Structure formats: structure tokens, C-alpha cells
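Peer 1: Those protein sequence lines, which keep their order, are chains B and G.
Take 172 as the starting number for the first sequence in the working numbering and just add one per residue.
Take 71 as the starting number for the second sequence in the working numbering and just add one per residue.
The C-beta atom is built at its ideal place from N, Cα and C for all residues, glycine as well.
Since the model is a prediction, treat every value here as computed from it, not as a measurement.
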Amino acid sequence: MNRSELERKILLAQSGELAPAEKAELELLLAQSDENMALREELDNLFLQAQNALVSAEPSPETVSRILSEAREPAGRNRILFTRPAVRLAACAAALALAVTGWFALVPDEEQPDQVSQLQVLVAMVSEEDVQDEAVTGEMEEERVRALARQLLIMEGFETEEIFSEEALLLDPAPTTLRLRNMTELHPRICV
Amino acid sequence: MESTDYELLSCYREGQADALAQLVDRYRRPLFSYILNMTPNMAEADEVFQEVWLRVIKKAHRYRKGSFFGWLVTIARNLIIDRGRRKRPSLVLDVESDKGSPLVDRLPAGTPNPAMSAQANELGNRIAEEVNTLPIEQKEVFLLRVQANVPFKEIARIQKTSINTALARMQYALHKLRRALKEDYVELTNPSENTKTGARETVAEGVAS
Numbered sequence: 172m173n174r175s176e177l178e179r180k181i182l183l184a185q186s187g188e189l190a191p192a193e194k195a196e197l198e199l200l201l202a203q204s205d206e207n208m209a210l211r212e213e214l215d216n217l218f219l220q221a222q223n224a225l226v227s228a229e230p231s232p233e234t235v236s237r238i239l240s241e242a243r244e245p246a247g248r249n250r251i252l253f254t255r256p257a258v259r260l261a262a263c264a265a266a267l268a269l270a271v272t273g274w275f276a277l278v279p280d281e282e283q284p285d286q287v288s289q290l291q292v293l294v295a296m297v298s299e300e301d302v303q304d305e306a307v308t309g310e311m312e313e314e315r316v317r318a319l320a321r322q323l324l325i326m327e328g329f330e331t332e333e334i335f336s337e338e339a340l341l342l343d344p345a346p347t348t349l350r351l352r353n354m355t356e357l358h359p360r361i362c363v
Numbered sequence: 071m072e073s074t075d076y077e078l079l080s081c082y083r084e085g086q087a088d089a090l091a092q093l094v095d096r097y098r099r100p101l102f103s104y105i106l107n108m109t110p111n112m113a114e115a116d117e118v119f120q121e122v123w124l125r126v127i128k129k130a131h132r133y134r135k136g137s138f139f140g141w142l143v144t145i146a147r148n149l150i151i152d153r154g155r156r157k158r159p160s161l162v163l164d165v166e167s168d169k170g171s172p173l174v175d176r177l178p179a180g181t182p183n184p185a186m187s188a189q190a191n192e193l194g195n196r197i198a199e200e201v202n203t204l205p206i207e208q209k210e211v212f213l214l215r216v217q218a219n220v221p222f223k224e225i226a227r228i229q230k231t232s233i234n235t236a237l238a239r240m241q242y243a244l245h246k247l248r249r250a251l252k253e254d255y256v257e258l259t260n261p262s263e264n265t266k267t268g269a270r271e272t273v274a275e276g277v278a279s
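1. For M108 (chain G), is the classification buried or exposed, using 16 other Cβ atoms within 10 angstroms of its Cβ as the cut-off for buried?
2. So the candidates are B:A261, B:F329, B:A257, B:E241; which of them puts its Cα closest to the Cα of G85 (chain G)?
3. Does DSSP put P232 (chain B) in a helix, in a strand, or in coil?
4. Please confirm if A87 (chain G) has its CB atom under 8 Å from at least one CB of chain B.
5. Is the Cβ of I181 (chain B) closer than 8 Å to any Cβ of chain G?
6. Would you list the residues sitting across from P110 (chain G) in a DSSP beta bridge?
7. Can you determine whether any heavy atom of the ligand MN sits closer than 7 Å to the C-beta of V118 (chain G), and answer yes or no?
8. Which of helix, strand or coil does DSSP assign to P191 (chain B)?
9. Once the 5 residues before and after A89 (chain G) are set aside, which same chain residues still bring their CB inside 6 Å of it?
10. If you draw a straight line from the C-alpha of S227 (chain B) to the C-alpha of A268 (chain B), how long is it?
11. Counting pairs of Cβ atoms below 8 Å between the region 212-230 of chain G and the region 139-158 of chain G, do you hit three or more?
12. Cβ of L251 (chain G) within 8 Å of Cβ of R215 (chain G)?
13. Look at the Cβ atom of I105 (chain G), then the Cβ atom of A115 (chain G), and state whether they are nearer than 8 Å.
14. Out of curiosity, what's the CA-to-CA distance linking I233 (chain G) and F218 (chain B)?
15. Under a three-way DSSP split, which group does S73 (chain G) fall into?
16. How big is the Cα-Cα spacing for R227 (chain G) and M240 (chain G)?
17. For chain B, is any of its Cβ atoms less than 8 Å away from the one on S103 (chain G)?
18. Looking only at C-alpha atoms, which of G:E199, G:K157, G:V143, G:G154 sits nearest to E102 (chain G)?
19. Drop a sphere of 10 angstroms on the beta-carbon of D75 (chain G), count the other beta-carbons inside from all chains shown, and report buried for 16 or more, exposed for fewer.
20. For Y97 (chain G), I'd like the list of residues in its chain whose CB is within less than 7 Å of its CB, leaving aside the five on either flank, ordered along the chain.
21. Would you check if the distance between the CB atom of I181 (chain B) and the CB atom of L225 (chain B) is smaller than 8 Å?
22. F218 (chain B) versus chain G: which residues are under 7 Å apart at the beta carbon?
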């Protein structure tokens, strides 16, 4: 066993993490050599010196009493003790922004009542079909998607027309329908 | 008979605030000493200490049987690392460098902490000063093992590493201390009985695992 391995064993023995058999083996090894024994003494003394010298302090009484008063708060009422004014201000601003956004999102726009009602019709139509007709054929599915896409285009301000030709798109329902919104600028007339 | 940490925390979860007071009292010295030795000043140590306990209060339900002190140190360590990152955002201490060892292992911890000042004799002061200049992970192993009496297995868990790495860090720290202290280190092989006695009293006050 070299010096580094011996040092490891001594360190583990000091912390009580050496198995009894290994500990007995270490003791035997230490007893056989003064040099080995000196290493253990050196480590013991170093640790003892360090323990005396290293700062060992306590928190301020105010800190401890703040923690204890926080611990006495009923569960769920814990709060941050040192909320900085800037953080508090930012939280208020975020809450206000959320409220304003919610207002504009939820209150119907009076200038466009038709679009809101169309949206309600569309949602009702799709929901009803999804619930009632789970076993639709491929053809019916395509029809439904065409109708949905048409409604979406009307809501976006497009005029729609029915095209029944070989050039009509073979619809891959869900993704094609979703992509239509982004394709409007590139394709002023969209086949549904 | 003294209640275990787990029992006290269970009592606290059931609404007994005094149980937490007992835990704070039990660990305030070793925990605060660890934090103080890992932070630049008393004010910051106070803040971290408070934050640790606030997290314990909020997350008491998450604690399972195991070393409670280890849990406290883990929380404190994470808070200290977060603070360090906020101050030096370009430095990522835990990332493995291209040389194999984490960057943190090769950085000196900085100038000696003023708080590390005199409490014992001259050699003791020199040891304390040198400990403070060790790379931060080595310093942490040394402090946890020597000051807080945390076993290597628990240190490895706190540092999210293997016990072999924790031991290696301790050995690197010892090697650097020997080299830095040079001739003063000879004293350690012939210590006076007075030093031993005084130090043993400190050991008795240390945290039992």
C-alpha cells in the first residue's frame, strides 16, 4: 500500500466509514511502521488545529428570530421577507399587463360582431361533430375539413369559392388546415 | 431522549412551530460556520442562512429520511453557487473543463476571508488562511469534513460526485496545505499537549453525523 492509499484509509477511518475488517487491517499496518503512525498523527493534529482556527460563528439573533416568526406562520401563508421594491413593482406591472391582455382577449370587439359569432358557430360545429360522429369515413372527414378551412378563411377576410377539379388539393386534414393561415400572403386564392 | 431530525421535522409539518425552532438551534452554528466560510462576509452569510431555512419551511414535506444537515448544506451550497453565478455570469463552476477536472477545482477561492481571522494560535491562523485560498470544491470538502464532521459519503452526495472524488479533493487540499505551510507544518508532527486538549473540546462540540 503506497502513501496515498494509506492516507485514504486513515481519512476514511477518521470519518468512521471504514469497514471493521479494513479498520483492523489498517491498525495492523500502522503498528508495523513508525512512518505510517506519524502520518496518522500528522493528520489528526492538522484537523485539530484547523478546527480551532476556522471561524465558527452564529447568525445574528435578528435573523434567527425572523426565521422563527416565519416558521410560526400558518402553512400557505409563507411570504418572502425581503422583497425588494423593484421586484414588487415588476410584479405589479406584470399583473396589470396580464389583466389588460385578458380584457382585450375576452371582451368581444364591437366593430366585428360577425367574426365573433362566426367563431362561436365554428367551435360549436366542430365540437358537435367530434362528439357525435367518431366513425367518419375518409370522404366525410375531408368534407368536414373543407368546411372548417372555409370558415377560417371567411373569418380572415377571404372570399372562398368551391373548386372541383383534378388540381384541387388532396387534403391532409389537420396540418394542411393549420398551415392555411400562414400561406395567405403567398397564395391569394386558396383551394379548400 | 432527544428527538431525531426527522421526528422534529414531522412535528413541524403537523403544525408544531417549536419543532423547527429546535432544528434551527441544533444546526445554526455548524450551518452558519459553513456558510460564512464559503461567502465573502457576515451580511451575505446571514442572508444565505435565512434563505436556507425559508426553503426548509416551504419544502419541509420533501424531506425524506437521511442526513438533515446534508440537506441543509445542499440547499446552502446551491444558493451560494447561484449567487456566485449572478455575480460572475460567464463563469460556470460545475462544467467539466477540457482538462477533465471541473473548472472549479483549478480556481483559487480568492483572497483570505477577513472573517477567517484569529481564533487560535499562529499556526492555526495560517492553516485557516491557507484553507481559504484552496480551490472552492477542495475547500468545501475540507470544511465539511474537518469543521462540520460530515462523512465523505455525505460530502460526495452534497457535491454530486463519487466518494473517490471527494477523497481525492481532500487529498489535494492536504497536499496544498503541506506545501504552503512548509516548515510550520513540522509542528504538526510534534504538537503540544495543550493544543490537543483544546482542540478535542472543539471536536466534542462538532456536529455528530
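Peer 2: On the basis of the data shown:
1. buried
2. Measuring C-alpha to C-alpha distances from G85 (chain G) to each of B:A261, B:F329, B:A257, B:E241 identifies B:E241 as the nearest.
3. helix
4. yes
5. no
6. DSSP links P110 (chain G) through a beta bridge to no other residue.
7. Only the bare structure without any ligand can be found here, which leaves the ligand MN out of the picture.
8. Here P191 (chain B) sits in helix by DSSP.
9. In chain order, L78, C81, Y82 place their CB closer than 6 Å to the CB of A89 (chain G), counting only its own chain and leaving out the 5 sequence neighbours on each side.
10. 48 Å
11. yes
12. no
13. yes
14. 20 Å
15. coil
16. 15 Å
17. With a threshold of 8 Å between beta carbons, S103 (chain G) makes contact with chain B.
18. What sits at residue 102 (chain G) in the sequence shown is Phe, not Glu. Taking only the C-alpha atoms, the option nearest F102 (chain G) is G:V143.
19. buried
20. F139, L142
21. no
22. V216
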